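Student:
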Amino acid sequence: MGDFAKRQAAQIRYAEEQRENTMKQANTESQAFVERENLKRRLGPDLWLSFRELVVAKCQAVNKESELGKEHYRCHDELPNKLRVIRLNPVANLRLEFFPDGSRIHYDSGECVGDYLIGLDESSGQATLSDAYQRVFEPELTAEHLLENCLE
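Heads up: the sequence shown is residues 1334 to 1485, going by the working numbering.
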């Protein structure tokens, strides 16, 4: 009976250590997740502001193009977290809205609807635009894509 009791005690100790290690690892992962989410919430508004300014600047650049001779886009800051871009001829609307709690930018232009998620570049610690598949998008190219494809 002595060997049996020792084996059982060793197995019980081992199982307890494994549970403890699993709990420590889960706590560490949870803390890391919370830290990443907090960082995204802190960096998201700055990314939104720079992205919004980029979209407005692209619209202004098209409007200033001498060959057009007229205004092609109008931008309206409806609220701090919303931007509306109107293409005047033919008429089309693009609505952008930043959701700080959800760490995402929603876009809607008729059939062109979706979300860009605020992500983090682990190496630089900078906020990025990504999608649900964790593909990262360059803000300048994304602004051009929204204006060219969503307002066509």
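We put the beta carbon where it would ideally sit given N, CA and C, even for glycine.
Since this is a predicted model, take the numbers as computed values, not measurements.
Could you check what DSSP says for N1422 in three-state terms: helix, strand or coil?
Tutor: coil
Student: Could you tell me the distance, in whole angstroms, from the CA atom of E1455 to the CA atom of F1337?
Tutor: 50 Å
Student: Going along the chain, which residues of its own chain have a beta-carbon closer than 8 Å to the beta-carbon of R1407, five neighbours each way excluded?
Tutor: C1392, V1418, I1419, L1421
Student: Identify which residue in G1402, R1375, E1477 has its Cα closest to the Cα of I1451.
Tutor: R1375
Student: By how many angstroms is the C-alpha of L1412 removed from the C-alpha of P1433?
Tutor: Approximately 13 Å, taken between the alpha carbons.
Student: So if DSSP puts C1408 in a beta bridge, which residue, or which two residues, is it bridged to?
Tutor: V1418
Student: Along the chain, where does the alpha helix (DSSP H) that runs through L1484 open and close?
Tutor: Element bounds for L1484: n/a, residue is neither H nor E.
Student: Assuming R1468 is part of the alpha helix (DSSP H), what are its boundary residues?
Tutor: Careful: R1468 lies outside any alpha helix (DSSP H) and carries neither H nor E.
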